[in-house]
Amino acid sequence: MSSPFLYTAGEMRPSHQLRLLGLLLFSLIPSQLCQICEVSRENCSYLNPLVNTMVNANYTKGIQSANILLTFRLVQIQNQRLEQQLTQQIQEDIKKREPEITSGELALAILALGACKNSSEVFIRDAHLVSKLGEKFKAEIENMETHSDHPLTNYYQLSLALLALCLSNGSHSITNVIPYFTPENKNYYFGGQFSVDTGAMAVLALTCVKRRIEKEEIEADIKDLNKTNVYITSLVNKILSAKNDGLFGNIFSTGEAMQALFVSSNYYKNKRNCQETLHTVLHNVFQGAFRLPIAAAQILPALMGKTYLDVNKNCSCACSPDKFNISTDKPVPVTPTISPSNISVNYSVRINEIFNSTKVTVRKGSVFLDVMMAAQKQNKAAFCFEMEDGPWGPYITSVQNISANNNDRTYWQLLSNGQPLSQGAGSYVVKNGEYLEVRWSTY
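The sequence shown lines up with residues -34 to -1, 1 to 409 when you count with mature numbering (1 follows the signal peptide of the UniProt record, and there is no 0).
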C-alpha cells in the first residue's frame, strides 16, 4: 500500500488535517464552478493516498486493470512504466480470452485503451474491438428479449457497453436501444433498492447518445431525443433521492454518481452541495476507505472534474502530475510483538427459510472471508463455498454448491446484523459479537 503522503499545510496526520477540513472546504471548490465539483489545484495533495494506492498495487489480472488505466489517462498521472505494463496486460488478455470476456469488460478496455488519444487506438482498430463489442451488446439485448428482460450480465455492464459504443461511433439502433433504459426497468434495482452506480452509468451512456443526436451524428427523430431526456432526468432524480450526507448510495458508488450529475444536472452549481460531497468523500479518503485500487480509480476522476465522456479529448487536469507526491516505497511488514486478541463472531448461511448457524473465533482485524473460511473448516457440508478473484477482491460465487446465476438474477448477499454490506468479503473487517450472514438472494 502507499506510504504516508505530504499535506499542503505542513507535515500533519489525517486526524489533525480533518480539524481544518471545514475551514478549507471552500478553497477546494473552484472559483468558477459550473456543473462540476472538483478539488482545486492548490489542494491536489489531498488526493495523494488515492494516487499512491493505484501506483503501488500489484496488477496481474489483465483486463480487470482497465479501470486503473482509464483513470491514469483521464487524470494524467504520469507513470510510463506502469501505463505500459497495464496496456500490455489488457491487450494480451483480450487476445487470449476475447470470446469469454463480458460486454462490460470489453467496453471498459476500449475506453481505457483509447482514452485521451494515444497509440493504443491502433490496437482497438486492428483487433476490431468496437465491432466485437457491438456483437456482445446485441447478444445482451437478445437475451433480454428471450429471458424476461434479463441481460447476459447486468445493467451496469449494458450501460457501460452502450457508452463505449457511443463514444467509439459504434453501430447501434437508437430507436431499438433507448426503450430498454427506461428508469422503471427492474434491472436498475438490486436487493429492492435502486442501484446508484448502475443508474449513473446509464446517465453517462444516455447523455452521450443525447449529445450525438443533437449534433445529428446519429439518425433519430425528436421522439427519441425527448425520451432520452426524460429518462436522464428521471434517473438523475433517483440518484439524488439516494443522497445521504453528501454521498449517493454509498461511498463506492459516489464517484460515478458525481460524474452523472456533472453532465446532466445543475446540482453542483450550489456550492454547499459541492462542499458537502467533498467533505464526506475526503473524510473517507483520510480514513482509508479506498484501499483497493479499483475503488481509488472510480472516485479519483470525479474529484478531478473528469467524467468517462472525456475519453475522446486531449486530457488535462487542474491537478498536474507535479502536484502529486507519488511514492513507490513498498510498506515494510511489521511483526507484532504481542499476539493479536481473538474475537467471537456469529455466522449463518440462509437459503430461503433454511438456516445453518455457528459461532467462530477469528483474530481481531479479520475480514468476512476469514469468518467464512473458519466456518467451512468447522463444518464443510454446511458452510462450504467457492469464490472468484475480481477487481473488488474475492467474490462469492457458490455456497453449499448453489451457484449465483445472472439469468436467474440470483446472487449471494453479505449482511451484518441484518443489513446488506457495501464492501466485499475480502474487505469488510468484522467486529466482536457481530451477526454475519450469507443469504441466497435475487435482484
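Each residue gets a CB set at the ideal place from its N, CA and C atoms; glycine is no exception.
Out of 327, 61, 393, the CA that lies nearest to the CA of residue 218 is found in 393.
Residue 374 sits in coil when the DSSP states are folded into three classes, being neither helix nor strand. Spatial neighbours of residue 215 in its own chain (CB-CB distance under 6 Å, excluding positions within 5 residues in sequence) are listed in chain order as 162, 208. In terms of Cα proximity to residue 51, the closest of 97, 372, 307, 23 is 23. If you keep only unbroken beta strand (DSSP E) runs of at least 3 residues inside the stretch 334 to 370, you get 351 to 356, 359 to 365. Inside the stretch 133 to 208, DSSP marks whole alpha helix (DSSP H) runs of 4 or more residues at positions 140 to 143, 162 to 180, 188 to 207, from first to last along the chain. For residue 403, the enclosing beta strand (DSSP E) begins and ends at 401 to 408. When the beta-carbon positions are compared, residue 322 and residue 351 stay at least 8 Å from each other.
Each residue's CA atom was taken as its position, placing residue 251 and residue 34 some 17 Å apart. In the structure shown, residue 327 adopts extended strand secondary structure according to DSSP, grouped into three states. Between the stretch 306 to 313 and the stretch 332 to 341, the count of C-beta pairs closer than 8 Å reaches three or more; the two stretches touch.
Secondary structure note for residue 317: it is in no alpha helix (DSSP H), and the uninterrupted beta strand (DSSP E) holding it is 308 to 317.
Less than 8 Å separates the beta-carbon of residue 190 from that of residue 179.
Residue 409 is not a Cβ neighbour of residue 248, given a cutoff of 8 Å. Contact holds between the stretch 121 to 128 and the stretch 71 to 81, because three or more Cβ pairs, one in each stretch, are under 8 Å apart.
Taking all protein chains shown into account, residue 60 has 16 or more neighbouring C-beta atoms within 10 Å of its C-beta and is therefore buried. For residue 382, the three-state secondary structure derived from DSSP is strand. In the DSSP assignment, residue 215 falls outside any alpha helix (DSSP H) and carries neither an H nor an E. In this structure, 133 is the residue among 399, 133, 383, 185 with its C-alpha nearest to the C-alpha of residue 83. Here the alpha carbon of residue 371 sits roughly 35 Å from the alpha carbon of residue 184.
If you draw a straight line from the Cα of residue 196 to the Cα of residue 36, it is about 29 Å long. Here DSSP, grouped into helix, strand and coil, assigns residue 103 to helix. With a 10 Å radius around the Cβ and a threshold of 16 neighbouring Cβ atoms, residue 116 comes out buried.
Residue 324 holds the alpha-carbon nearest to the alpha-carbon of residue 399 among 261, 97, 277, 324. Sixteen is the threshold: when 16 or more other Cβ atoms of the shown chains lie within 10 Å of the Cβ of residue 391, as they do, the residue is buried. Taken atom to atom, the span from the alpha-carbon of residue 385 to that of residue 188 is near 44 Å. At least 8 Å separates the beta-carbon of residue 3 from that of residue 273.
DSSP, read as helix, strand or coil, puts residue 256 in coil. For the pair residue 104 and residue 144, the CB atoms are not nearer than the 8 Å cut-off. Under the DSSP definition of a beta bridge, residue 321 partners with 316.
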